[in-house]
Each structure stands twice: as structure tokens, then as C-alpha cells.
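Chains as they are written, first to last, in this note's numbering: chain A, 1 to 52; chain B, 1 to 699.
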Amino acid sequence: MKFSNYLKAIDEVSIYPLISLLLFVTVFVGVVIYMYSLDKNQIDERANIPLK
Amino acid sequence: MEKFYYDNKIVKQFGVATLFWGIVGMLVGVLIAFQLAFPALNFGIPYTSFGRLRPVHTNAVIFAFVGNAVFAGAYFILQRVLKTRLFSDLLSKIHFWGWQFIIVFGAITLVMGYTSGKEYAELEWPLDILITLIWVVFGINMFGTILRRRERHLYVSIWFFIGTWVTVAMLHIVNSFQIPFSWIKSYSFYAGVQDALVQWWYGHNAVAFFLTTPFLGLMYYFVPKAADRPIYSYRWSIIHFWALIFIYIWAGPHHLLYTALPEWAQALGTVFSIMLILPSWGGMLNGLFTLRGAWDKVREDPILKMLVVSLTCYGMATIEGPMLSLKNVNAFSHYTDWTVAHVHIGALGFNGFMIFAMLYYLVPRMWNTTLYSRKLANAHFLISTVGILLYAIPMYWAGFAQSLMWKKFTESGQLQYQFLETVTHIVPMYAVRGVGGLLYWIGAFYAVYNLYKTMKQGRFLANEPDEAMPLSAQPLPTQKMHWHTAIERKPVQLLVLSLVVVAIGGLVELVPTFLIESNVPTISSVKPYTPLELLGRDIYVREGCYTCHSQMIRPFRDEEMRYGEYSKAGEFIYDHPFQWGSKRTGPDLHRIGGKYPDSWHFTHMRDPQEISPGSIMPAYPWLIKNDLYTANTPAKIRAMQKLGVPYPEGYDQICIQDLRLQADSIALALNAAQIKTSGDKEIIALIAYLQRLGTDVKK
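1. For the alpha helix (DSSP H) holding PHE460 (chain B), just list the boundary residues, first then last.
2. Compare the C-alpha of THR167 (chain B) against each of B:HIS153, B:HIS204, B:ARG148 and B:SER186 and name the closest.
3. Using DSSP's beta-bridge definition, name the partner residues of GLU467 (chain B).
4. Could you give the residue range of the beta strand (DSSP E) that holds SER186 (chain B)?
5. Classify GLN579 (chain B) as helix, strand or coil using the three-state DSSP reduction.
6. Say yes only if the C-beta of ASP598 (chain B) is nearer than 7 Å to one or more non-hydrogen atoms of the ligand NAP, and no if none qualify.
7. Rank B:THR109, B:PHE332, B:TRP97 and B:LEU510 by C-alpha distance to the C-alpha of PRO253 (chain B) and give the top, closest one.
8. By DSSP, does ASP228 (chain B) sit in helix, in strand, or in coil?
9. Contact criterion: CB-CB distance below 8 Å. Does ARG235 (chain B) meet it with respect to chain A?
10. If you run the structure through DSSP and keep just helix, strand and coil, what is ILE179 (chain B)?
11. On the CB-based measure, 16 or more other CB atoms within 10 Å of its CB, does PHE101 (chain B) come out buried or exposed?
12. Do TYR75 (chain B) and ILE10 (chain B) have their C-beta atoms within less than 8 Å of each other?
13. So with Cβ pairs under 8 Å, would you call VAL29 (chain A) a contact of chain B?
14. Determine, using beta-carbon pairs with one atom in the stretch 385 to 402 of chain B and one in the stretch 426 to 442 of chain B, whether at least three such pairs fall under 8 Å.
15. Are the Cβ atoms of ILE103 (chain B) and ALA69 (chain B) separated by less than 8 Å?
16. Can you name the residues of chain B whose CB is closer than 7 Å to the CB of VAL53 (chain A)?
17. Considering only the beta carbon of each residue, do ASP696 (chain B) and LYS527 (chain B) sit closer than 8 Å?
18. So within the stretch 345 to 375 of chain B, which uninterrupted alpha helix (DSSP H) runs reach at least 4 residues, ignoring any that extend past its ends?
19. When you compare the CB positions of MET358 (chain B) and PHE222 (chain B), do they come within less than 8 Å of one another, or not?
20. When burial is assigned at 16 or more other CB atoms within 10 Å of the CB, is ALA9 (chain A) buried or exposed?
21. I need the DSSP call for LEU415 (chain B), collapsed to helix, strand or coil.
22. How long is the line joining the alpha carbons of GLY349 (chain B) and GLU533 (chain B), rounded to whole angstroms?
23. Quick check on this structure: which residue in B:GLY269, B:ILE684, B:LYS568 and B:HIS604 has the alpha carbon closest to the alpha carbon of PRO531 (chain B)?
24. According to the neighbour-count rule (16 or more other Cβ atoms, all chains shown, within 10 Å of its Cβ), is TRP99 (chain B) buried or exposed?
25. So for TYR449 (chain B), helix, strand or coil by DSSP?
26. Does chain A have any CB closer than 8 Å to the CB of GLU151 (chain B)?
27. What does the alpha-carbon distance come out to for the pair VAL363 (chain B) and MET455 (chain B)?
28. Enumerated in chain order, which unbroken segments of the alpha helix (DSSP H) with a length of 4 residues or greater are wholly contained in the stretch 74 to 150 of chain B?
29. Would you say MET354 (chain B) and LEU307 (chain B) are within 8 Å of each other, going by their C-beta atoms?
30. What does ALA206 (chain B) touch in chain A if you count any residue whose Cβ is under 8 Å from its own?
31. If I measure Cβ to Cβ from ASN5 (chain A) and keep anything under 6 Å in the same chain, skipping five residues before and after, which residues do I get?
32. I'd like to confirm the pairing. Which residues does DSSP put opposite LYS681 (chain B) in its beta bridges?
33. Is the shortest distance between the beta-carbon of LYS2 (chain A) and the beta-carbons of chain B less than 8 Å?
34. For the alpha helix (DSSP H) that PHE34 (chain B) lies in, which residues bound it at each end?
35. Does DSSP classify TYR574 (chain B) as helix, strand or coil?
36. So which residues on chain A does PRO465 (chain B) lean against when the C-beta distance must stay under 7 Å?
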């Protein structure tokens, strides 16, 4: 891979799994918070879209 | 109120294509299943040999049967939950006929032996471009429809379709990078470990985003429709979507445990695979709980029965998958029929039954009638369920039995079984599996007959009327909108956000492997293939040898004793494409070089049973008769040079001379062993390649 010459300065590969875990937890927590903040009427309305 | 018409014609076309390709693809599956029990069914000709038909089966089932079903379902659902006709009839038409052309052209090229040699991505470069174009057409048609909608909110099924579209586009493009050397053939842009990582990042996510996410889109629509009640928890469905697409994309490396892939990437694959249990089971339970209070209907309604078994199979496959990703389980399961059983629980149970349930639901509605025979549909359910069991149980048994036999030592520390003994032991299981597949196929045939009769008795409604208020006339909600609610109403933002979420996983996984040289330590004795070996390798790829043989010895005592020193990442740096394989129906070949004389290979390829009685390998008599095509060797060398393989400058001009010299020396050795042949036959190149395999590190 020729472009590797320019970018191979990236080291500390072990940081990648940590970043990934952090990202995942952030997204997951965000979605859970959102889910609980939803209004019941809004939810019911959306869930009923296919049955309209 | 505005009046408009749903386009049922395109749904009908994709639905009929689903049934047609389902029957064809499964029939090829039944044939290759029996080929493993009765090798005579390979018929001694190239076009019907296992190595070529296996990719026809997998591609036909995944992209033709499942693909057409996804398009039928998505086009049906999009119109109804968005309250609008599809964006463009012309684009629908191009999409349909373009996809069918790809399938037919693809099947022909695969049977002819034109393959990229990468599992589930075998189609060659012109077809890859065509797939991209048709996928874009599908995308424009879908987004055009979404933008013209009369329903403010995007129902969760739509999110799954959007996630599918954007991720499949990304996976297909990244995995299809290749350098063409003729109008139909190319070499993978990536080599060895990198090619393996990209391929399984693609391969795993083909399962995730072609076989799973669109089916969850179908599930979230058809389960509520069939049960006539809303989904159990819409909140769960939101978590299900984001968690699933975010986690799935990371799990690819679990296909490469204990291989030469860097350790950190393997660990990443395992961790994310375990995390996948949560969203997968959340989704399954969400579907099953929707049937609360409707279980009495499940007893009688074949559609609900199929949906229940489909979701149960989804649950089983998604708990089994993470278990198979544990390194200690994978050490035992990998390369065996356990994997085959696992994927067929998903394909026959989850995908197959979801598709048939969908068709049993759609056809009577679009033809304005009732199902021709509920009894026949119930019979279909029964026979196909028995078929799944008869398929899966022998394969699990075969997987366990073979792995135990591979790893069994005698008291004196020798391997107890020859590889061939572990094969002949499981041949009866292969035969029963074939019967299981046949039963499932008969069930599918019941469906074809039943749906045909339903169509005959009804009247097809090509344009179905409905009415809804235009979006501009609908009042905006008075309460403050949550940020996510806003996103759910903006399909383009949803698309971009999905892309960001799936791209993160891809980048973190792929980039370090490409950029950091320490991930693939070089070995100075590893040299490029000679021109003759390169041609032999192309024949190896053409005949689909990788469908039964691995080239990756894992660092285990039994594997090192059976095959030789374990495989190192640096040994594959000139392998465009990699040929590690994923299944050992036959033994590993990475260190086959120098193990047997040339004459052994010659006789073995002509008739494997002559050398190994009881072997289930097909015979390859055509390799002995066919002249080796050498005219494009310079083009191949030039393509390899472009990819960074260090052939000397101008080598393409003289490579044929080297090729002839090496070929003649092999032919002479064969003549000396009383075998009549000449240096210009295909078998000579294949022998040259096999004898080279894994020998560099011994130098």
C-alpha cells in the first residue's frame, strides 16, 4: 500500500478499541435517554402507522 | 385529501422473481449437498463441479431469492407507511430488470469459472459496477419516495431499509476494489491479511445488512399486520436499530480468529459479537411479544406460524453467532459443518420463513382474494420445518464429530485419524442433510403452487387506490420536538447519521491494518509467484478450490502436526486475492508444497478416488486435457506490478519464457514417472502452484 508511507506515523493502536467502546457507550446511553424521554402518545401514534 | 395509487406491479414482479430464484437457488443447493455424499454427481465436467456450483448456490440464494424478496417487501411497505406511490415507475422497472440481468449474467459467469475468489463477493468487476449502478437506482427510487411522502414520521421499517441501503453500498464498494486485466477478470486490490480483513468485514456485514436489517424492516411491518396489533414496544425498536447497526459493523474479524490477523482486531471482533446479543434478542422478543394475546391465532394461521419460527430461528442464530465468536468455541467449530448448520438456521428459518410468510400475506391482498389453500400452506410449514431439522441436526453432528476426530491423539502422541477417515465418517450425515434440503425445497414448491392458484382465482390490482392528506396541509405538532424526533422526520439526515455510525466501525477496524507495518511482519524469503504458479493459482480460484480447502494453519498442536508450521501473516503479501477459505471439507493446503511428488497431484486431480479411496473430492479431468491459456500472462504480470508485487521492470515481456521453462521441467518429471503429458496443459500450472504453496518459509 503506497499511501502507507505517508500515514504510518499513526501508532498506539491499542487506543482504537478504547475509542470504540467509548463511542458505543455514548451512542447507546444517548439512545436509551431518548427512548425514556419520549411521550407515550407520540410512541403510540408511530407504532400504529402500519395499521392505519 | 389527495387520491393516489400504490404501484403493485413492481411488488408482483419482485415477488414472482423471488419464488423463481428461490426454487432455482435451493435446487442447486440440494444438488451440491448430494455431491458431497455422492461425488459422481459432479458429472466430471467443469460446469457442474462443486467448486463452481457452490458460489452459484450462495449467490442465487442471497442476492436472487433474498434480494428480490427484500425489494418486493420494501417497495410494498414504503408506499403504505409513507402514503404515496413509488417515486418513479421507470426507475422501478430499471431496478427490476437490471437486477434480474445481474443474476443471470452472474450465474453464467460463475458456472464458466469467472470468479473473484472472495466468498459471497464472487462476481467479477463488470458485474460489480452494474450492481453499484442498480443499487443507486434503488436508492434514488427509495429516497424519492420518502421525500414525496404524506406521512410526517418515518416508521421504523424505513430506518432499517435506509440503514441497509447505505451500508451495503459502502461494503460493496470497499470490498470490490480490484485491478482488471481482461474484460471479465481482475485481481483484488488488497492482498493476504488485508484482503481477508476487508473480505470478512464485507462478508459478515452482508449477513448483517443484506440478510438481517432489511428482514427486520419486514418484521416490523408484517408481524404487526399479520397479528393486527402494533409492535410490542416502539421504544425498543429505536434502540434495536441504532445498537444493531452500530455494533454489527465491528464483528467481521470473528471470522478470522486464530488466523494470521493481528490479535487486537480478533479481540475487537469477539467483544462486539458478544454485545450483539442484546439488540438481536431485544428485536426478536419485540417481534414475539407483539403476539401477546394472539397466540390462539398462531395455532391456525400459517403466516403467523412461519413468522414465529422465523423469529425463533433469528434468536437461535443470534445467540449461536456470538458463542461461535468466543475463541475457545471457534477453535473447535471453525472450518467444520457447524458453521454450515448455523448459517442455514438463519437462511432457511429466519430468511426463508419470513419471505414465505410475506408472500402468503401479499399475494391474496394484491389479487383481491383469499389464499387458495390454507391447508397446503400449513403442509408447507410442516414439511419445511422438518426439512430444517433434518438439515441442521446432521450438520451439527458432523461438525462436532469431525472436529473431535481432527483433534484426537493416540496415547503415544500421534494423530489418531487420517483426514480422510474424518470425512468418510460424516458422509452419511451429508446424505441426510441433502434429504433435509430436499424437503425444504418441496415445501417451497408447495408455496409456488399455492400462490399460483391464488393468483389464478383472484384479479390482480396493479394500481391500488388510497387517499391521504398532503404533508403541507397537515398541522405541525404543538409540543416541542425532541432532537431525535426531528431526525426521524428528516430522511437525509437519518441516512447521513447511519453512514457515520457504520463508517466509524469500518474505519477503526480497517485503517490500522493498512497503515501499520508491524501488523504484517515481512518475511524476507517470501517471493512473488512465478508466472506459471500465478496461472496455476488462477485455475485454483477458477475451480473454487477455496470452497472446500483452507490455506490457513492455526497455531494448534493438531493442526501443526497434521499440516505443518502455522501460517504467518507475512506469507500472504502477494496473494491477490487471499485464499484462506472458511471450510475444510478437504484438508488444509497451505503447506501442501513438496509434500507429494508431481505425479501424485496429476493422478489425484484426474481421479481422487484412485489415490484416496472414499474421497469425496470431484475429479478434474478437463485440467489434463485443456491447453493452458498464456496469452494474457503479461497483462496479469502488469496488473500485479501495479498492485506493488515486485516483479522486475519489463518482466511482462519475458515472463512467457520463464513460464515455458518451468512448465517443461514439470512435464519432464511427470514423463519420467510414466505419465504422458506435455508442458502446455492446465494441470501443469496447477501442480506448479500447489508445489509452491507454503514452501517459502522453509527456504
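All residues carry an ideal CB built from backbone N, CA and C; glycine is no exception.
The relevant details are as follows:
1. Neither: PHE460 (chain B) is in no alpha helix (DSSP H) and is coded neither H nor E.
2. The candidate whose alpha carbon is nearest that of THR167 (chain B) is B:HIS204.
3. Answer is B:LYS3, bridged to GLU467 (chain B).
4. 186 to 188 is the span of the beta strand (DSSP E), which, as asked, contains SER186 (chain B).
5. The answer is coil: DSSP assigns GLN579 (chain B) none of H, G, I, E or B.
6. The ligand NAP is not part of the structure shown, which contains no ligands of any sort.
7. Ranking B:THR109, B:PHE332, B:TRP97 and B:LEU510 by Cα distance to PRO253 (chain B) puts B:LEU510 first.
8. Shown here, ASP228 (chain B) sits in coil according to DSSP, grouped into three states, outside any helix or strand.
9. Yes, contact with chain A.
10. The DSSP-derived three-state label of ILE179 (chain B) is strand.
11. Burial call: exposed.
12. Against a cut-off of 8 Å, the Cβ pair of ILE10 (chain B) and TYR75 (chain B) comes out as a contact.
13. No, its Cβ sits nowhere closer than 8 Å to a Cβ of chain B.
14. Result yes; three or more Cβ-Cβ pairs closer than 8 Å.
15. No, the Cβ-Cβ distance between ILE103 (chain B) and ALA69 (chain B) is not below 8 Å.
16. There is no way to answer for residue 53 (chain A), as the model of chain A reaches only from 1 to 52.
17. For ASP696 (chain B) and LYS527 (chain B), yes; Cβs fall inside 8 Å.
18. Runs found: 353 to 366.
19. Yes, the Cβ-Cβ distance between MET358 (chain B) and PHE222 (chain B) is below 8 Å.
20. Caution applies to ALA9 (chain A), whose pLDDT of 48 falls short of 50 and renders its modelled position unreliable; the model cannot decide the point.
21. For LEU415 (chain B), the three-state secondary structure derived from DSSP is strand.
22. Distance between the alpha carbons of GLY349 (chain B) and GLU533 (chain B): 43 Å.
23. When only C-alpha atoms are compared, the closest one is B:ILE684.
24. Buried, since its Cβ has 16 or more Cβ neighbours within 10 Å.
25. Correct three-state label for TYR449 (chain B): helix.
26. Residue-level contact by beta carbon holds for GLU151 (chain B) and chain A, with a gap shorter than 8 Å.
27. The C-alpha of MET455 (chain B) is placed about 7 Å away from the C-alpha of VAL363 (chain B).
28. Segments of the alpha helix (DSSP H) lying fully in the stretch 74 to 150 of chain B: 89 to 112 and 125 to 147.
29. Contact flag set, yes.
30. For the C-beta of ALA206 (chain B), not a single chain A residue is nearer than 8 Å; the gap to the nearest is close to 21 Å.
31. Low per-residue confidence applies at ASN5 (chain A): pLDDT is 42, beneath 50, and the placement is therefore not dependable, though the value from the model is reported in the following sentence. Apart from sequence neighbours up to five positions away, no residue of its chain approaches ASN5 (chain A) with a beta-carbon distance below 6 Å.
32. Secondary-structure assignment with DSSP links LYS681 (chain B) through a beta bridge to B:ASP627.
33. At LYS2 (chain A), the pLDDT of 42 sits below 50, so the modelled position is not reliable; the number obtained from the coordinates is stated separately. Judged by the 8 Å Cβ criterion, LYS2 (chain A) is in contact with chain B.
34. Counting along the chain, the unbroken alpha helix (DSSP H) around PHE34 (chain B) starts and ends at 9 to 37.
35. Residue state, collapsed to three classes: coil.
36. Per Cβ cutoff of 7 Å: no residues; PRO465 (chain B) is ~15 Å from chain A at best.
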